[in-house]
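Those protein sequences? They're chains A and B, same order as listed.
When you read off a place in the first sequence, starting at 1, and then add 42, the result is the number in the numbering used here.
When you read off a place in the second sequence, starting at 1, and then add 4, the result is the number in the numbering used here.
Glycine is no exception: its CB is placed at the ideal position from the N, C-alpha and C atoms.
Remember, it's a predicted structure, so these values are computed and weren't measured experimentally.
The structure appears below as C-alpha cells.
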Amino acid sequence: MVVPNALSDRNLSFPTGLITGIVLAIPGYFIGVWTGNLFGLFDDQNTGVILGYAFAVIGFLVGLGFLNYPLARLLGWPVTAVPQTVEERTWGRYFSLSLDHKVIGMQYLVTILIMLLFGAIGAMLIRTSLLVPDASITPPGQYIMLIGLHSVMMIFITSAVILGPFGNYLVPLMIGARRMAFPRLEALSFWVVPPAAVILAAAVFWGGFPTGWTGYPPLSEQAGQGMDSYIVGFVLIAIALVTSGINMLATIIAMRAPGMTWTRLPMFVWGIFATAILGLLAAPVLATALVQLAMDRTTNTTFFVAANGGSNYLWENLFWFFGHPEVYIFILPAFGIIMELVPHFARKPLWGYRTGVVGLFGVTLLSWFVWQHHLFMSGIAPVLRPFYMLSTELISIPTGIIFLVTLGTMWRARIWFSVPMLFCMGFLFNFLIGGISGVYLSDVPTDVTLHGSYFSMAHFHYTIVGGEIFAMMAACYYWLPKMTGKMLSPLIGRIHFWWMFIAFNSTFFPLFLLGILDMPRRVSVYAANLQFLNDWVTVSAYLLFGSMLLFAGNLVYSLFFVPGIAVANPWHARSLEWQVPTPVPAGNFDRVPLIVGGPYDYGLPNAKPAADTFFFAAWWFSFFYLRALNNDQAWRPQGVGPPSLGFGLVVLALVVLMAGTYWVMSRALYGSFSFSLLAPVSLVFGIAACLFQGFGMWHLGFGLTQGGYASVFAGLTGAWLIQLLGAVAWLATVVVQGRPSGDTVVRPHSAATFGWILVFLAAVGVINYLLLYLVK
Amino acid sequence: MSLRIEPADRPHAIRLLVMWVILSIIGIIAVLQIHYPPYDQTIQGEDQSKTLALLTAMATPVFIGVVMMVIYSAIYFRRATAELVDGPPMLGNTPVQVAWIGISAIAVLFLAFVGVTTLASDNVAKLVNAPGRSINTGGQTGSATAAERGKELQVQVVAQQWYFTYRYADYGGVETTHLYLPLDRPVELHVTSLDIIHSFWAYELGVKADANPGVDNVFHVTPQKTGSFTVRCAELCGLWHGQMSDTEGKVVSQSDFDTWIAQQQQDYAVIQKAVPSYAPFYFPEPTVKGS
Ligand code: HEM
Ligand SMILES: [Cu+2]
Ligand SMILES: [Cu+2]
Chain A
43 MVVPNALSDR NLSFPTGLIT GIVLAIPGYF IGVWTGNLFG LFDDQNTGVI
93 LGYAFAVIGF LVGLGFLNYP LARLLGWPVT AVPQTVEERT WGRYFSLSLD
143 HKVIGMQYLV TILIMLLFGA IGAMLIRTSL LVPDASITPP GQYIMLIGLH
193 SVMMIFITSA VILGPFGNYL VPLMIGARRM AFPRLEALSF WVVPPAAVIL
243 AAAVFWGGFP TGWTGYPPLS EQAGQGMDSY IVGFVLIAIA LVTSGINMLA
293 TIIAMRAPGM TWTRLPMFVW GIFATAILGL LAAPVLATAL VQLAMDRTTN
343 TTFFVAANGG SNYLWENLFW FFGHPEVYIF ILPAFGIIME LVPHFARKPL
393 WGYRTGVVGL FGVTLLSWFV WQHHLFMSGI APVLRPFYML STELISIPTG
443 IIFLVTLGTM WRARIWFSVP MLFCMGFLFN FLIGGISGVY LSDVPTDVTL
493 HGSYFSMAHF HYTIVGGEIF AMMAACYYWL PKMTGKMLSP LIGRIHFWWM
543 FIAFNSTFFP LFLLGILDMP RRVSVYAANL QFLNDWVTVS AYLLFGSMLL
593 FAGNLVYSLF FVPGIAVANP WHARSLEWQV PTPVPAGNFD RVPLIVGGPY
643 DYGLPNAKPA ADTFFFAAWW FSFFYLRALN NDQAWRPQGV GPPSLGFGLV
693 VLALVVLMAG TYWVMSRALY GSFSFSLLAP VSLVFGIAAC LFQGFGMWHL
743 GFGLTQGGYA SVFAGLTGAW LIQLLGAVAW LATVVVQGRP SGDTVVRPHS
793 AATFGWILVF LAAVGVINYL LLYLVK
Chain B
5 MSLRIEPADR PHAIRLLVMW VILSIIGIIA VLQIHYPPYD QTIQGEDQSK
55 TLALLTAMAT PVFIGVVMMV IYSAIYFRRA TAELVDGPPM LGNTPVQVAW
105 IGISAIAVLF LAFVGVTTLA SDNVAKLVNA PGRSINTGGQ TGSATAAERG
155 KELQVQVVAQ QWYFTYRYAD YGGVETTHLY LPLDRPVELH VTSLDIIHSF
205 WAYELGVKAD ANPGVDNVFH VTPQKTGSFT VRCAELCGLW HGQMSDTEGK
255 VVSQSDFDTW IAQQQQDYAV IQKAVPSYAP FYFPEPTVKG S
C-alpha cells in the first residue's frame, strides 16, 4: 500500500530496547526526585519519590521504544501501523518491545512466575514469624512490611496471572485472529508490570508500608515514603488492567474469524471477555482513589482527613468499588479455564454452554453491587447492610452455575485423568470451600466475628490460591506444550498436583479455625493457645512452597532436558488453538480470512471514554459523598469557592467550541477527505482553554487544605485539565502535519474517535461546572 | 419441559441421591453438635453462634453433594480404555438446569431472609442497626431515642495507636483502661478513633465495630453471663497492631460494677481534669497534617 503523503523517509535511529529503557529510567528517577523536592510542599520527599517513580517509568517506556511510533507519526515519517510479523526465533525478542501477542504472552508468563517466587518467599517469611506467638522472630516493623509487600505483590500477580500470559497468547489463536486489535496497547499492558513490581520492591528501602493491600487512610497518609511505592505500583497495574481490557474487548468483538460466532466462542475467551469488562471499568476508580491519596500525601489536600472536610469512608467506598470487581478479575478467567478444559478431557460437549455464559455474565453484573460487604462493620450506611447481604448471597447463584456446567459435563463422560484435569478437579473442591465460606462472610451476624479475622484470610486464599492458582496450573500443564513446545512431565505433574493439593488444604483450612477462635489478620502476636495450629500451618506452608519448587523443576526439566518438540495436539482437542502447528508460526494461521478494517491507532481507542467515565464518575461520587458527610463549614469554609461563575463559563465555552469545531471537521472527513481550517481553530480554542484553566488554578485564592471542596476542586479540575492538555497535544500534531496522522485507511476512523473524545471531555466539563460552580 | 431421565442416567442418579441424603443427614447432625463461637456471653453473641450453626448446617449438604459428584465422576466416569473415546454428546438438560438454579435461588433467598430477620430481631438489631454517622452532620450520634438512652448504658470506646480506652458517659465521662460491663443491662457502644482506623473486636461479646476518626459508630450489646472477655484490634493500624489487645474485659454484676466504677472515678479524678470533656468524637490538634 502506498502511503501517499509521507513527508520523508527518514527513520528514528536511536537504539531502543531493554537496556536503553533501564539507562533512561535511572536518570528519570533522579530528575523526578529533584523536581519533586524543588516544588514539593513538604520536606518529607513524597512528591519527589512519586515523581521519581513516574519519570523512571516514562524513561523506561521511552527507552523501550514506545515513543518511536507516535514520534514518527508526529514528524510525518513513514510508519507501519503494525509491523508485518516475521518469522523470528531469537531470544532477543523476549527482551524487547515486541508486538507479537505470543511473545508478549511468554514475557508475561516469565515475569509473573518470577514475581510469584518473590511473593511466595514473602509468605514463607510471614509464616516463619508466626511460628512463635510473640514477635521475637520478626520485629513488628518488619512484620507489617512483609504483610504489605506480600499482599500487594500477590494482588499484582493475581490480577494478571491468567489474563496476561494465557489471555494474550491464546485469545487470538482461539478466535482465529492473526494478532490482537491493539498490539501496542497490548505491549504497554505488559511493560508496565515489571516496573510496578520493581517499584513495589523499592518500598523496602523506605521500610515498606504499613497498610497491607487495602491502603486504608489515614494510616496510609501517616505512612512513610514506602507508601508511594504502593500508589505508583498500583496505578501501573490499573493501567495494565485498563489497556488489556480495551484490547481484549476490541479483539474479541472485532477480530473473530468469519464463522467464529458468539455461540462458538471458547469458554476461556468468554471468561477473558467478562474479565476485560471488569478491568476496564473498575481500574479507573482505583486510579481516582490513588490520585486522591497521592494528593493528600503531597499537596496537603484533605480527601481522607476527617477533621478537615474529608472522610476515610471515601477511600473505603472507592477502594472496594474497585476491589470487589477486582477479585472477580482474579476468578473469571479461572472459571473460563475450567469450563474450557473439562469438556476436552471429559470428551463431551460442554453441558449447558449458554447457561455457562449466562453464569459468567451474572457474576460480572452482580459484582458491581456488593462492595459494601467489605464494610459491614465500618459504620458506613448500616441501613444498607441487608441489601449488600442479599446481593452478595445472590452471587452464589451464577457461581453455582459454573459448578453445574462442569459437573454436568463430567456426567457419564469418559474422563481422561490427565494432569490438567486433576487440577480442574482440585479447583472444584477448593473453590467450593472458598465460595461457601464467602456466604458465611456475607451474612452480617456471622461476619461480626469473621470480618478482619483469619477466617476471611482463609476465604480469599481458598478462592485465589485454591481457585485461580489451581486453574493457572491446569492452564500451564494444558497449554504450555503449545506455548513452549515442551510437554511438562506428567509423572512430576501428578506428584505436583497431589502434593500441592494436600499441602494447600492443610495450610489454609486451619485458618478458618484460627479465625473463628479469635485470631485477627495481620498480627505478629497471637494468643499462646493458638500456637499449635499456627505451627501446623507454617509447616504446611513450607510444604506448599516445596510443591511450587517442584513445579519450577518440572518447567526447567521440560524446557532443557526433554528433547524434541511436543506434538501439535497432544490432547487431541478440537479447539482452534490446537490446530496450528507447534511452534506457532509468526502469523498464527496459514490461511485466515483477512480481517478487514479495525482501528490500528495507538492510545485512542473507542473504549477510552468508557474507562474515563468511570474515572470521572469516581470524582463526582467523591464530591457528593464528602459534601453529604460533612457539615458546611468542614466542606467549604467561608471564602472558599470557585474563581467565579463567569470565569468557569469562559473555560467551558472554549472547550465546547474546541470540541465542536473539531467534531464538525471529523465528520466532514468521512465524506470528502479534505482537511479544513477548522483544526487550527479548534487548536486555538483548546490552548486558550488550557491557559485560562491553568491560570484559574494557579490563582485559586484558597488553599488545598481548606476542606473537602477545595480538595475535590483541585483534583477534578486538575484531572480534566491534564486530559485537555493531552487532547491539545494531539490536536497540535494534527495541525503541524497539516493532516490527521496515520495512513489513509485509518485516518477517518481515528479522527472521528478523537472527535468523540473531545465531545466527551466537553461533557465532563459541563458536569464539572455544574458540580463545582453551581452545586458547590 | 418435563424432567426426563434417560435409562442410562437412572442407576447413577438413584445411587447418588440415596448416598447424598444419608451422608447429608449424618453430616448435618454432626455439625450441629459443635458449640459455635462466639458462644453465649451476650444475647447478640448467642444469636451469632446460632446463625453460624444454621449456615454450617445448610452448607453441609451443598458441600457433600458437590464433593460426592466430583468423586463419583472420578470413579465411575473415568475412561477405562487405553485409547480415547468420546462420551455421549449431551448438550444440556433444561429442566435440570432450571431446577438447580431454582433450588440455589431458594436457598440463597432463605439465607438472606434469615440474615435480615436476625439483623432486625430485637437482639441483633440493637447490635448493628443503629446508624453510625459522621458527627460533622450536626451532632447526630446515631444513638437510640432519648427514652431508650436512659435504659442503655452509654459506653464510648476510644481507639488510638495502640490501645483502647473507655469512657462512661453516665459517670461523668470517666475514662478507663479496661472495659467493664454490668450484667443484663443493654449497652450502647460508641466507637470512635483519635487517629486512624482501628476495629474494636470484643470476641466473647460478639461485637466488632470499626473505630473511625470523626465518626461515632454505634453498636449495641447485652451481656447475659458474667466472665471475662478479650478485646483486640481487628483493623491493621500500624506497628503495634498485633499488640493492641486486652484480656481483662469483664462482665460483672451490677453491684460489682457500681463499686468498680466508683473506684475508677476516684482513681482517675486527677487525669479526668486534663481529658477533654465527653463528646461524640474528638479531633486532636493540630487538625492538619504538616501545619
Ligand atoms: C461465592 C462467592 C463469594 C462470596 C459470597 C464472597 C464474599 C466475601 C465477603 C462477604 C467478604 C468480606 C469479608 C470480610 O472482610 O468480612 C469477602 C472478602 C474477600 N473475598 Fe470473597 N466472596 C466470594 C468469592 C470470592 C472470590 C472468587 C474471590 C477471589 C478470587 C474473593 C476474594 C476475596 C478477598 C480477597 C477478600 C478479602 C479482602 C480483604 O479484606 O483483604 N472472594 N468475600
Ligand atoms: Cu467482595
Ligand atoms: Cu489495629
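Between the alpha carbons of Lys254 of chain B and Gln269 of chain B lies a distance of about 17 Å.
Closer than 8 Å at the C-beta level to chain A, one finds these residues of the segment 60-72 of chain B: Ala63, Val66, Phe67, Val70 and Val71. Taking a Cβ-Cβ cut-off of 7 Å, the neighbours of Glu435 of chain A in chain B comprise Val112, Leu115 and Ala116, given in sequence order.
Apart from the 5 residues on each side of it in sequence, Tyr40 of chain B sits with its Cβ closer than 6 Å to the Cβ of Ser53, Leu56 and Ala57 in its chain, given in chain order. DSSP places Cys466 of chain A in the helix class (H, G or I) of the three-state scheme. Taken in chain order, the complete alpha helix (DSSP H) segments of 4 residues or longer contained in the segment 78-115 of chain A are 88-106. Not a single heavy atom of ligand 3 lies less than 7 Å from the C-beta of Glu358 of chain A. Short note on His16 of chain B: C-beta not closer than 7 Å to any heavy atom of ligand 2. Within chain B, the residues whose beta carbon sits less than 7 Å from that of Val565 of chain A are His245 and Gly246, listed in sequence order. Of all residues in the segment 201-217 of chain B, only Ile201, Ser203, Trp205, Tyr207, Gly210, Val211, Lys212, Ala213, Asp214, Asn216 and Pro217 come within less than 8 Å of chain A when Cβ atoms are compared, listed by chain position. Between the segment 747-767 of chain A and the segment 343-354 of chain A, the count of Cβ pairs shorter than 8 Å is three or higher; the stretches touch. Residue A:Gly209 holds the alpha-carbon nearest to the alpha-carbon of Lys144 of chain A among A:His741, A:Gly209, A:Ser262 and A:Glu382. At a cut-off of 7 Å, the beta-carbon of His245 of chain B counts as near ligand 3: some heavy atom of the ligand is closer than that. His224 of chain B has its alpha-carbon roughly 5 Å from the corresponding atom of Glu192 of chain B.
Within the chosen limit of 7 Å, ligand 3 does not reach the beta carbon of Met419 of chain A with any heavy atom. DSSP lists B:Lys212 and B:Arg236 as the beta-bridge partner residues of Trp205 of chain B. Residue pairing by DSSP puts Ala163 of chain B in a beta bridge opposite B:Phe168 and B:Ser197.
Shortest gap from the CB of Cys241 of chain B to any heavy atom of ligand 3: under 7 Å. In summary, the residues of the segment 93-107 of chain B whose CB is separated from some CB of chain A by less than 8 Å are Pro93, Met94, Leu95, Gly96, Asn97, Val100, Gln101, Trp104 and Ile105, in the order they occur in the chain. Residue burial annotation: Asn571 of chain A is exposed, with fewer than 16 other C-beta atoms found within 10 angstroms of its C-beta.
Every alpha helix (DSSP H) of 4 residues or more that sits fully in the segment 656-680 of chain A is shown, in chain order, as 674-677.
Counting of Cβ neighbours within 10 angstroms places Gln258 of chain B among the exposed residues, the total staying below 16. Under the Cβ criterion (8 Å, minimum of three pairs), the segment 592-607 of chain A does not count as touching the segment 552-567 of chain A. Distance from the CA of Val274 of chain A to the CA of Ala329 of chain A, rounded to the nearest whole angstrom, comes to 10 Å.
Counting along the chain, the unbroken beta strand (DSSP E) around Glu179 of chain B starts and ends at Val178 to Thr180. For Asn221 of chain B, the enclosing beta strand (DSSP E) covers residues Val219 to Val225.
The C-beta of Arg189 of chain B comes no closer than 8 Å to any C-beta of chain A. Residue-level contact check: Gln52 of chain B touches chain A, since one or more beta carbons of chain A fall below 8 Å from its beta carbon.
Inter-residue distance for Ala78 of chain B and Phe108 of chain A is about 50 Å (C-alpha atoms, whole angstroms). At a Cβ-Cβ threshold of 8 Å, Leu668 of chain A and Trp677 of chain A count as neighbours. Annotation: Cβ neighbours of Gln264 of chain A in chain B (cutoff 8 Å, chain order): Asp199, Ile200 and Gly242. When the Cα atoms are used, Phe666 of chain A and Trp413 of chain A turn out to be separated by approximately 18 Å. Secondary structure note for Tyr185 of chain A: its alpha helix (DSSP H) is the uninterrupted segment Pro182 to Ala202. Below the 8 Å Cβ cutoff, chain B contributes Ser203, Trp205, Lys212, Ala238 and Glu239 as neighbours of Gly494 of chain A, in chain order. From the listed residues A:Ile506, A:Ser271 and A:Phe603, the smallest Cα separation to Leu530 of chain A is found for A:Phe603. Residue environment for Val22 of chain B: exposed (fewer than 16 other C-beta atoms within 10 angstroms of its C-beta).
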